[in-house]
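Participant: In my numbering, each residue carries its 1-based index in the sequence shown increased by 54.
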Amino acid sequence: MPNNATLTLRVLARLLSYPDAELRTHLGELQAALHSERTLSAGRLAELETLLHSLAARDPIEIEADYVQLFDRGRSTSLHLFEHVHGDSRDRGPAMIDLAQTYEKAGLYLAEGELPDYLPVVLEFVSTQPAREAKAFLGEMAHILQALFSALLKRQSLYAVVLGALLDIAGEKAQAVKVAEEPPLDESWEEPVVFGGCSTEGQAKPGQPQPIRIVRNAAQNPAPGV
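(1) Is it buried or exposed for Gln-200, if we count other Cβ within 10 angstroms and need 16 for buried?
(2) What residues are listed by DSSP as bridge partners for His-134?
(3) By Cβ distance below 6 Å, which residues in the same chain neighbour Val-65 in space, the five residues on each side in sequence not counted?
(4) Note down, one range per segment and in chain order, each beta strand (DSSP E) of at least 3 residues found wholly within the region 162-223.
(5) Please classify Thr-93: does DSSP put it in a helix, a strand, or coil?
(6) Is the Cβ-Cβ distance between Glu-168 and Val-175 less than 8 Å?
(7) Give the single residue among Ile-115, Ala-75 and Leu-63 whose Cα lies nearest to the Cα of Leu-102.
(8) From Leu-207 to Leu-77, what distance separates their C-alpha atoms?
(9) Please classify His-107: does DSSP put it in a helix, a strand, or coil?
(10) Express the C-alpha separation of Arg-127 and Ala-228 in angstroms, rounding to a whole number.
(11) Give every residue of the same chain whose Cβ lies closer than 8 Å to the Cβ of Leu-81, excluding the five residues on either side of it in the sequence, and list them in chain order.
(12) What is the DSSP secondary structure of Gln-85, counted as helix, strand or coil?
(13) Quick one: using the 10 Å Cβ neighbour count with 16 as the cut-off for buried, is Tyr-172 buried or exposed?
(14) Quick one, are the C-beta atoms of Ala-205 and Phe-179 less than 8 Å apart?
(15) Indicate whether Leu-135 and Ala-67 have their beta-carbon atoms separated by less than 8 Å.
(16) Suppose the cutoff is 8 Å on Cβ atoms and the five residues either side in sequence are ignored; what does the same chain contact list for Val-215 look like?
(17) For Pro-73, collect the residues of the same chain with a Cβ closer than 7 Å to its Cβ; drop the 5 residues on either side in sequence, then sort them by chain order.
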């Protein structure tokens, strides 16, 4: 990793954030910062400029809608790193706590509503670390970055270049790997059947009237007059 990649990491973090009006206002400054630090190769910088120009030229509503569709509606392209590691398992909570504590030990605290495994947040933290520690931290999650890079390539998204740049900084070669097929969104988000159809599946003769028997509890004394 280059001796100074602080600005580059912060630019990449911002490019992966929601493309709101504020981001689009500062696209020129982000481009200048990438060139001033000279962390990335000329080829990678040219690819990032293509993304920057696209964000500047396209309709803002379309840009924002595409971002949500890309990053918020599928696990393979989720920017929450523990989604790729732990999914919905119970291990995810403790991992979140450990990562937040790592930030706090470095004097960094999450804003309200921010999750510690959100990639732009992770990159902000990495940008504060010395070069050797930053490279090691990125190297630990290189397999996740590689999977994200591949998923974005598969979607033919310009955002793939941001992941490629991160892998470059980590000293890894960005290359496509096999990405598991995701179930349709409606299927993966479908609510489970609460009782598994027990109203019929638990019957001896489903579909036919069933007798109901009311049995007096022998432990209870009948009320007077009954």
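Think of the CB as a built atom: it goes at the ideal place given N, C-alpha and C, for glycine as much as any other residue.
Facilitator: Let's see:
(1) For the purposes of this step, residue 200 is taken as the residue at position 146 of the sequence shown. Buried, because 16 or more other Cβ atoms sit within 10 Å of the Cβ of Gln-200.
(2) One-based indexing of the sequence shown puts residue 134 at position 80. Partner(s): Tyr-172.
(3) Against the sequence shown, residue 65 aligns to sequence position 11. So the qualifying residues of the chain are Leu-84, Ala-87 and Leu-88.
(4) none
(5) Residue 93 sits at position 39 when you count from the first residue of the sequence shown. Looking at Thr-93 - three-state DSSP - the assignment turns out to be coil, as it is neither helix nor strand.
(6) Within the sequence shown, numbered from 1, the residue matching residue 168 stands at position 114. Within the sequence shown, numbered from 1, the residue matching residue 175 stands at position 121. The answer is yes: Cβ separation under 8 Å.
(7) Taking the first residue of the sequence shown as position 1, residue 102 is located at position 48. Taking only the C-alpha atoms, the option nearest Leu-102 is Leu-63.
(8) Taking the first residue of the sequence shown as 1, we reach residue 207 at position 153. Taking the first residue of the sequence shown as 1, we reach residue 77 at position 23. If you take the alpha carbons of Leu-207 and Leu-77, they lie about 23 Å apart.
(9) Numbered from 1 along the sequence shown, position 53 holds the residue referred to as residue 107. Here His-107 sits in helix by DSSP.
(10) Mapped onto the sequence shown, residue 228 falls at position 174. Mapped onto the sequence shown, residue 127 falls at position 73. The straight-line gap from Cα to Cα measures roughly 24 Å.
(11) Numbered from its first residue, the sequence shown carries residue 81 at position 27. Around Leu-81: Leu-106, Leu-109 and Ala-110.
(12) Within the sequence shown, the letter at position 31 stands for residue 85. In this structure, Gln-85 counts as helix in the three-state DSSP scheme.
(13) As a position in the sequence shown, residue 172 is number 118, starting the count at 1. So Tyr-172 counts as buried.
(14) Counted from its first residue, the sequence shown places residue 205 at position 151. Counted from its first residue, the sequence shown places residue 179 at position 125. No, the pair does not count as a contact, with Cβ atoms beyond the cut-off.
(15) To locate residue 135, count along the sequence shown from 1; it is residue 81. To locate residue 67, count along the sequence shown from 1; it is residue 13. No, these two residues do not count as a Cβ contact at 8 Å.
(16) Stepping through the sequence shown from its first residue, residue 215 is reached at position 161. So the list reads Arg-98, Glu-101, Leu-102, Thr-104 and Leu-105, once near-sequence residues are dropped.
(17) Taking the first residue of the sequence shown as position 1, residue 73 is located at position 19. Excluding sequence neighbours, Pro-73 sits near Leu-109, Ile-117, Glu-118 and Tyr-121.
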